[in-house]
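If you're matching positions, the sequence shown starts at 1076 in my numbering and goes up one per residue. Each residue gets a CB set at the ideal place from its N, CA and C atoms; glycine is no exception. Below: one structure, written as structure tokens.
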Amino acid sequence: MRTFIAIELPIEIKNSLSKIQEKLTQTLKISWVKPQNLHLTLKFLGDISPKQLNKIRQIITEITKTTSDFKIKLETLGIFPNAHAARIIWIGANQLPLELKQLTERLETRLAESGIPQEQRFFCAHITIGRIKSHFIPSDLKKAFDKVENDVTGANWEFDCKEITLFESTLGPDGPTYIALERLNFLK
Ligand code: 2AM
């Protein structure tokens, strides 16, 4: 099964991000992530076997037992990989909380034990809100971003992160469906 580990978002933040998507749509043609599917990925696990799933459950249970709650503040609208070859539009954190940094490092290190390849790129705490599927004009992207700049900088998208979720992802013709297999609370 295809799985990943993520931080779920409060409903108010999902609703606000959905409004940003609507505003950007007026200028750009993009495949937007459905509001209910918005999440902050910690680790993409890919296709795993039932045996790996058991080991992964054990590992994430151990890690969450020694992780404390933390706050995340979303304040930046960004693109991957760059303005001219943009594929992903995201909203993310400027400051990576120390607990989140340590959490992702521990996940990477421990999950490698169960055969999950380690991520080579730096971790960037982001929520993918849209995927650009076709050619676009960079100036249109800039125009769209300018339109929502005040909404993003003026927002107060800070939330408490108290747990992580192991998701199963099923790909279908209408996009992916995510099912929470397990939610693991932090220590406090
Ligand atoms: P991202 O959108 O935050 O980049 C569930 O599919 C999540 O796993 C996606 O939201 C995506 O995170 C991440 N993901 C999907 N396919 C991936 C891949 N091949 N490599 C790394 N991350 C992937």
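Can you name, in chain order, every residue of its own chain whose Cβ lies under 6 angstroms from the Cβ of residue i, other than the five neighbours on each side?
i       : result
Glu1243 : Met1076, Thr1078, Ile1254, Leu1256
Pro1110 : Lys1089, Ser1093
Gly1205 : Ile1105, Trp1107, Ile1164
Under the DSSP definition of a beta bridge, which residues are partnered with residue i?
i       : result
Cys1236 : Phe1145
Pro1110 : Pro1110 pairs with nothing; no bridge assigned.
Pro1156 : Answer is none; Pro1156 lacks a bridge partner.
Pro1251 : Leu1246
Glu1257 : Leu1241
Ile1163 : Phe1155, Arg1206
DSSP three-state call for residue i: helix, strand or coil?
i       : result
Phe1119 : strand
Asn1090 : helix
Thr1102 : coil
Ile1191 : coil
Ile1080 : strand
Ile1131 : helix
Can you tell me whether residue i sits near ligand 1, meaning its C-beta is under 7 angstroms from at least one heavy atom of the ligand?
i       : result
Thr1245 : no
His1201 : yes
Pro1251 : yes
Phe1079 : yes
Thr1116 : yes
Phe1119 : yes
Leaving out five residues on either side along the sequence, give the residues of the same chain with a beta carbon under 7 angstroms from the beta carbon of residue i.
i       : result
Ala1200 : Leu1115, Ile1147, Gly1167, Ala1168, Leu1171, Leu1175
Query - Three CB pairs or more closer than 8 angstroms across the segment 1184-1192 and the segment 1125-1134 - result: Cβ pair count under 8 angstroms is three or more, so yes.
Query raised in the report: Within the chosen definition, does the segment 1207-1225 reach the segment 1151-1160 through at least 3 CB pairs nearer than 8 angstroms?
Result: With a cut-off of 8 angstroms on Cβ pairs, the segment 1207-1225 is in contact with the segment 1151-1160, counting three or more such pairs.
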